[in-house]
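Engineer:
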């Protein structure tokens, strides 16, 4: 009775190697910029490990958060900048920076 020998793995051939053509940068300059951006985003958020619906959900939440943040900055930053400049003027100079007529009349009456 002869014993069956365990099968040895076949040596790797070139046809069994993974396809790396998709990882090479494209020749066109604009396409290369988009390719680099895609790899950077994919490496940062590990989108290669996510399923397509998870990737869509992740980017949807991120874009929603981004647009809410930009909208808040656009809406509230100008009024906060005016308030902060008035407060800074009050601390540095001693006046609050308001130019309404009531305060000017009140200051003139004090003299």
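Residue numbers (the numbering used here): 441 to 551.
Note that CB positions come from ideal geometry on N, CA and C, so glycine has one too.
(1) Which whole runs of the alpha helix (DSSP H) in the stretch 462-540 are 4 residues long or more, in chain order?
(2) Distance, Cα to Cα, residue 534 vs residue 509?
(3) So residue 507 and residue 498 are in contact, right, with Cβ under 8 Å, and what is the actual spacing, rounded?
(4) Between residue 464 and residue 523, what straight-line distance do the alpha-carbon atoms span, to the nearest angstrom?
Structural biologist: Let me lay it out:
(1) 469-485 and 492-532
(2) Numbered from 1 along the chain shown, position 94 holds the residue referred to as residue 534. Numbered from 1 along the chain shown, position 69 holds the residue referred to as residue 509. For residue 534 and residue 509, the distance between alpha carbons rounds to 34 Å.
(3) Position 67 of the chain shown holds residue 507. Position 58 of the chain shown holds residue 498. No, residue 507 and residue 498 are not in contact; Cβ-Cβ is about 15 Å, not under 8 Å.
(4) Mapped onto the chain shown, residue 464 falls at position 24. Mapped onto the chain shown, residue 523 falls at position 83. C-alpha separation (whole angstroms): 53 Å.
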